[in-house]
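All remarks here apply to the structure that follows.
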Amino acid sequence: MLECKTISIAIERHWQEVYETIWRPEFFPTWASGLSQSGLQREGQAWVAQGPQGRVKIRFTEHNAFGIMDHHVVPARGPEVYIPLRVIQNGDGAVVMLTLFRQPGMSDEKYAEDEAWVERDLAKLRTHCLV
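Per the numbering used here, residue 1 is the first one in the sequence shown, and the count goes up by one each step.
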């Protein structure tokens, strides 16, 4: 099993509205900085983007009634990375949760860097959702 952390952010907006705003793959580059360099282009059932370490291929969970936005990222080099992402109800608002898995061989410093990166991206997502 991989070590993991779930990083979350509260958004003062109904959870279903948040999900409907952000579930589309085309929306991810507006807040997910790892995908924002070139946007996303569809390639068959997947999407491709230019990430910080080169070309990445992404498969997204289909639209659903449960707020699930999981995705699988296949980097140019290295194994596929599974990224669970959820929007859940919290009273009249929403919580967006992303689970970050520590990849095999990842240093403490790199894991902490990735955690800070996710926190920045989720903060940007909240800003987009409150507009």
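Note that CB positions come from ideal geometry on N, CA and C, so glycine has one too.
Check: Inter-stretch contact (C-beta, 8 Å, three-pair minimum) for the stretch 20-35 and the stretch 107-115; Outcome: no
Check: Beta-bridge pairing of GLN89 - partner residues as DSSP gives them; Outcome: ALA94
Check: Cβ-based burial, ALA76 [other Cβ within 10 Å; buried from 16]; Outcome: exposed
Check: Selected residue, minimal CA-CA separation from GLN50, among GLU43, GLY44, GLY39; Outcome: GLY39
Check: Whole-Å CB distance - ARG86 paired with GLY67, under 8 Å assumed; Outcome: 6 Å
Check: Supposed close pair TRP15, GLN89 - CB separation, criterion 8 Å; Outcome: 4 Å
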